[in-house]
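Visitor:
This is the structure we're talking about:
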């Protein structure tokens with residue numbers, strides 16, 4: 269599920285620099301949104317699945333804190349990358365990071381174990 273979500277995020281981001289109209293941009297963002305909608309709840313559940321019941325709220329808090337750090341630093345970092353390498357590079361870098369996560373998800377034995 270995570271691999272599917274990451275693929276649905278990576279491909280539209282890689283194609284975004286090639287778009288020339290609002291309709292194709294909207295379609296790419298819709299596909300990417302579906303990918304985020306698939307992968308986000310799954311990663312949240314994986315973040316807490318190995319924790320004892322009484323520690324799951326803390327685990328979810330840590331997950332959300334790390335997510336928030338990315339939400340805070342992502343836009344300025346993306347702006348700095350766009351300023352130095354051009355706007356298309358931000359989309360290609362995001363796609364490459366998602367593709368790396370996709371490879372990791374496909375190769376990670378921990379993600380293929382059944383829940384205990």
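Numbering (my numbering), first residue to last: 269 to 384.
Even glycine gets a Cβ: it sits at the ideal position worked out from N, Cα and C.
Remember, predicted model here, so these are calculated numbers, not experimental data.
#1: According to DSSP, is residue 294 helix, strand or coil?
#2: I want to know whether the region 296–308 touches the region 269–280 - three or more CB-CB distances under 8 Å.
#3: Just tell me which of 355, 287, 311, 301 has its CA closest to the CA of residue 373.
#4: Between which two residues does the alpha helix (DSSP H) containing residue 279 stretch?
#5: Is residue 358 buried or exposed, if buried means 16 or more other CB atoms sit within 10 Å of its CB?
#6: Using a Cβ-Cβ distance cut-off of 8 Å, determine whether residue 304 contacts chain B.
#7: Closest to residue 274 by C-alpha separation, out of 292, 371, 333, would be which residue?
#8: Restricting to Cα atoms, I'd like to know which of 356, 363, 375 is closest to residue 286.
Guide: This is what the structure gives:
#1: Within the chain shown, residue 294 is the residue found at index 26, counting from 1. Three-state result, residue 294: helix.
#2: yes
#3: Position 105 of the chain shown holds residue 373. The shortest Cα separation from residue 373 among 355, 287, 311, 301 belongs to 311.
#4: Sequence index remark: in the chain shown, residue 279 carries index 11 (1-based). That run of the alpha helix (DSSP H) goes 270–283.
#5: Start at 1 with the first residue of the chain shown, and residue 358 comes out as number 90. Answer is buried; the Cβ neighbour count reaches 16.
#6: Annotation note: the requested chain B is absent from the structure, which comprises a single protein chain.
#7: For the purposes of this step, residue 274 is identified with residue 6 of the chain shown, where counting begins at 1. For the residues 292, 371, 333, the minimum Cα distance to residue 274 belongs to 371.
#8: By 1-based counting over the chain shown, the position of residue 286 is 18. The candidate whose alpha carbon is nearest that of residue 286 is 356.
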